[in-house]
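Heads up: the sequence shown is residues 1 to 303, going by our numbering. Here the structure comes first, spelled out in C-alpha cells, and everything after it is commentary.
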Amino acid sequence: MPASEAIKILVTNQKGGVGKSTISANLAAYLAIQEGLGVSLIDFDKQASSSHWTKKAPDIGIRVSRAEINYQSVGMALLSARANLRKYSSGVQISICDFTWTPAMSEDFMTDFDIVLIPSSSAKFEMASTEIFILEYVQKRMARLAASKQSLIVVPSRVDPGYASQGSFTNLDFLANCFIAPPIHRTPEIDSYVYQDFLCVCSDKAVADNFSAFGKYISQKIDERREIRRTLSISGQSINREIAKKVSVLDDYRNRAKSLGFYGGAANAEFNQELVSDEAQGGTQEQSFSKRFVPSFLRKNDK
Ligand SMILES: Nc1ncnc2c1ncn2[C@@H]1O[C@H](COP(=O)(O)OP(=O)(O)OP(=O)(O)O)[C@@H](O)[C@H]1O
Ligand SMILES: [Mg+2]
1 MPASEAIKIL VTNQKGGVGK STISANLAAY LAIQEGLGVS LIDFDKQASS
51 SHWTKKAPDI GIRVSRAEIN YQSVGMALLS ARANLRKYSS GVQISICDFT
101 WTPAMSEDFM TDFDIVLIPS SSAKFEMAST EIFILEYVQK RMARLAASKQ
151 SLIVVPSRVD PGYASQGSFT NLDFLANCFI APPIHRTPEI DSYVYQDFLC
201 VCSDKAVADN FSAFGKYISQ KIDERREIRR TLSISGQSIN REIAKKVSVL
251 DDYRNRAKSL GFYGGAANAE FNQELVSDEA QGGTQEQSFS KRFVPSFLRK
301 NDK
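Have a look at this one:
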C-alpha cells in the first residue's frame, strides 16, 4: 500500500443508535480543522445523518459523498462497497466511512481499513455485543489482521463524564491490535449542535475539550498507521494452525448469551446481572479462556 494513499477509517457497529454518525461527522471536522488534513466523509448510512451534519454545518472543506451498496449478493455488496471506498478515498489524506455493519457484508470489507472505530455505550449488554462483534471478526480474519496490523478501536460513546474506560471491555484486553479510545461524554444538549456546529469547536468548552481529546487520540493512531505502513512486511506472520480449534472463548460467550436469550440482539437484564456477578467474583471466566486460547501473535503480553 503506497504511503501516500489515504488512511481509511471505518466507523461501524452492527447496532443502531450508538453514535456512528455523530462520531463520523465530528471526527472528520476535527481532523480537517485541528489537524489541517484533507478529509473525505463517505456516508453509507441510509438516513445520511453524518453527511447532513457535515453539509449543514459551516463549510470547512470536507468532501462529503453518499455511497450506495448493491445487496443483490454478498459478492456484489463487497464489490460495490470497495468501489465506493476506492473512488471517494482518492486525492485526500483521510477517508472516514459511516457504515452500520450487516451480515450481508463480507468481513473482507472491514479488512480494507487502516483503523476501525467501534462506538459502544457503557451498558453491559451493549459492551458484550460489541465484544462479540470484534472477537468474531478477529477470529474470521486473523491471518489478514496479523499481516495488516489493523487498529481496532472501541469508542465508549454517550457515557457519563465520570465513566472510566480502564477495566471495561476486559474480553478484548489480550488483543494486541485492539484499543479503547478516550470516551465521548453524553451531551444532553447535543441537539443544539446537531447540524449547526462541530463538537470540537462548539461553544460549550467541556464538550469541545472532550471531543478534541478523542480526536487527538485518533490523530495519534493515524500517525502510527503511517509508520506501520512504512514498515509493514508484505509476507505478514505465519498462521498458527491450532487457531481454529482453540479460539473457544467465542463459543463459550455465544452459548452463554444464547442460553440467556440475549444473543441475537435483545437486551436482557439477566445477562447483565450475570456479568456483574462474575466481576464480583473476581474476573470473568472468558478472560481466563481468552488468555489460553488466543494465538500468540495476537496476544499483547507475548510481544
Ligand atoms: N455524545 C452524545 N451525547 C448525547 N447524545 C448523543 C451523543 N452521540 C449521539 N447522540 C444522539 O444519539 C442518537 C444516535 O446517534 P447517531 O445518529 O450518531 O448514532 P448512529 O449509530 O449513527 O445511529 P444509526 O444506527 O441510526 O445510524 C442521535 O439522536 C444523537 O443525537
Ligand atoms: Mg447513523
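No residue lacks a Cβ here, since even glycine has one placed at the ideal position from N, Cα and C.
Quick one: what does DSSP say residue i is sitting in, helix, strand or coil?
{"i": "V64", "result": "strand"}
{"i": "L232", "result": "coil"}
{"i": "C97", "result": "strand"}
{"i": "D43", "result": "strand"}
{"i": "F179", "result": "strand"}
{"i": "N70", "result": "coil"}
{"i": "M76", "result": "helix"}
{"i": "G36", "result": "coil"}
{"i": "F125", "result": "helix"}
{"i": "R82", "result": "helix"}
{"i": "M105", "result": "coil"}
{"i": "C202", "result": "coil"}
Going by C-alpha distance, which of the options is nearest residue i?
{"i": "Y193", "options": "P119, P58, Y88", "result": "P58"}
{"i": "A176", "options": "A147, F198, V201", "result": "A147"}
{"i": "D204", "options": "G215, Y195, Q220, T187", "result": "T187"}
{"i": "E189", "options": "A81, I134, C202, D45", "result": "C202"}
{"i": "G61", "options": "I153, E35, I134", "result": "E35"}
{"i": "I115", "options": "M76, G17, K149", "result": "K149"}
{"i": "A48", "options": "N70, L10, A25, G38", "result": "A25"}
{"i": "G167", "options": "H185, A29, K140, M127", "result": "M127"}
{"i": "T12", "options": "R229, F113, G215, V207", "result": "F113"}
{"i": "F211", "options": "I184, A28, M142", "result": "I184"}
{"i": "L10", "options": "Y30, D43, A29, L31", "result": "D43"}
{"i": "F109", "options": "K140, Y30, R230", "result": "K140"}
{"i": "L27", "options": "F198, C178, E227", "result": "F198"}
{"i": "L31", "options": "R226, I228, S219", "result": "S219"}
Within 10 angstroms of its Cβ, does residue i collect 16 or more other Cβ (buried), or is it exposed?
{"i": "A123", "result": "exposed"}
{"i": "S259", "result": "exposed"}
{"i": "Y88", "result": "buried"}
{"i": "S157", "result": "buried"}
{"i": "Q93", "result": "buried"}
{"i": "N255", "result": "exposed"}
{"i": "K56", "result": "exposed"}
{"i": "L232", "result": "exposed"}
{"i": "A6", "result": "buried"}
{"i": "S76", "result": "Looking at the sequence shown, residue 76 is not Ser but Met. Exposed is the call here."}
{"i": "S121", "result": "buried"}
{"i": "S129", "result": "buried"}
{"i": "A269", "result": "Caution is warranted here: a pLDDT of 45 is assigned to A269, below 50, making its placement in the model unreliable, and no coordinate value can be reported."}
{"i": "V74", "result": "exposed"}
{"i": "G17", "result": "exposed"}
{"i": "G215", "result": "buried"}
Could you pull the DSSP bridge partners for residue i from this structure?
{"i": "H185", "result": "V159"}
{"i": "I8", "result": "Strictly speaking, residue 8 in this sequence is Lys, with Ile absent from that position. Answer is S95, bridged to K8."}
{"i": "P119", "result": "V155"}
{"i": "N13", "result": "T100"}
Rounded to whole angstroms, what is the Cα-Cα separation between residue i and residue j?
{"i": "K15", "j": "T100", "result": "7 Å"}
{"i": "T22", "j": "A213", "result": "15 Å"}
{"i": "K221", "j": "Q196", "result": "28 Å"}
{"i": "E224", "j": "I180", "result": "15 Å"}
{"i": "L41", "j": "R82", "result": "15 Å"}
{"i": "S51", "j": "I33", "result": "17 Å"}
{"i": "V138", "j": "L145", "result": "7 Å"}
{"i": "R66", "j": "D160", "result": "32 Å"}
{"i": "S277", "j": "L172", "result": "With a pLDDT of only 47 at S277, under the threshold of 50, the placement of this residue in the model should not be trusted, and no figure is reported."}
{"i": "L117", "j": "Y217", "result": "12 Å"}
{"i": "T111", "j": "V64", "result": "22 Å"}
{"i": "L79", "j": "G162", "result": "43 Å"}
{"i": "P182", "j": "I96", "result": "19 Å"}
{"i": "N70", "j": "P103", "result": "14 Å"}
{"i": "P119", "j": "S106", "result": "20 Å"}
{"i": "L37", "j": "K8", "result": "13 Å"}
{"i": "L152", "j": "L85", "result": "18 Å"}
{"i": "D45", "j": "D98", "result": "6 Å"}
{"i": "M142", "j": "A164", "result": "29 Å"}
{"i": "K207", "j": "W53", "result": "Correcting the residue identity first, residue 207 is Val in this sequence and not Lys. C-alpha separation (whole angstroms): 17 Å."}
{"i": "E131", "j": "K20", "result": "17 Å"}
{"i": "I304", "j": "C200", "result": "With the chain running from 1 to 303 in the structure shown, residue 304 is simply not present."}
{"i": "S90", "j": "V39", "result": "10 Å"}
{"i": "A29", "j": "V155", "result": "17 Å"}
{"i": "R230", "j": "S4", "result": "10 Å"}
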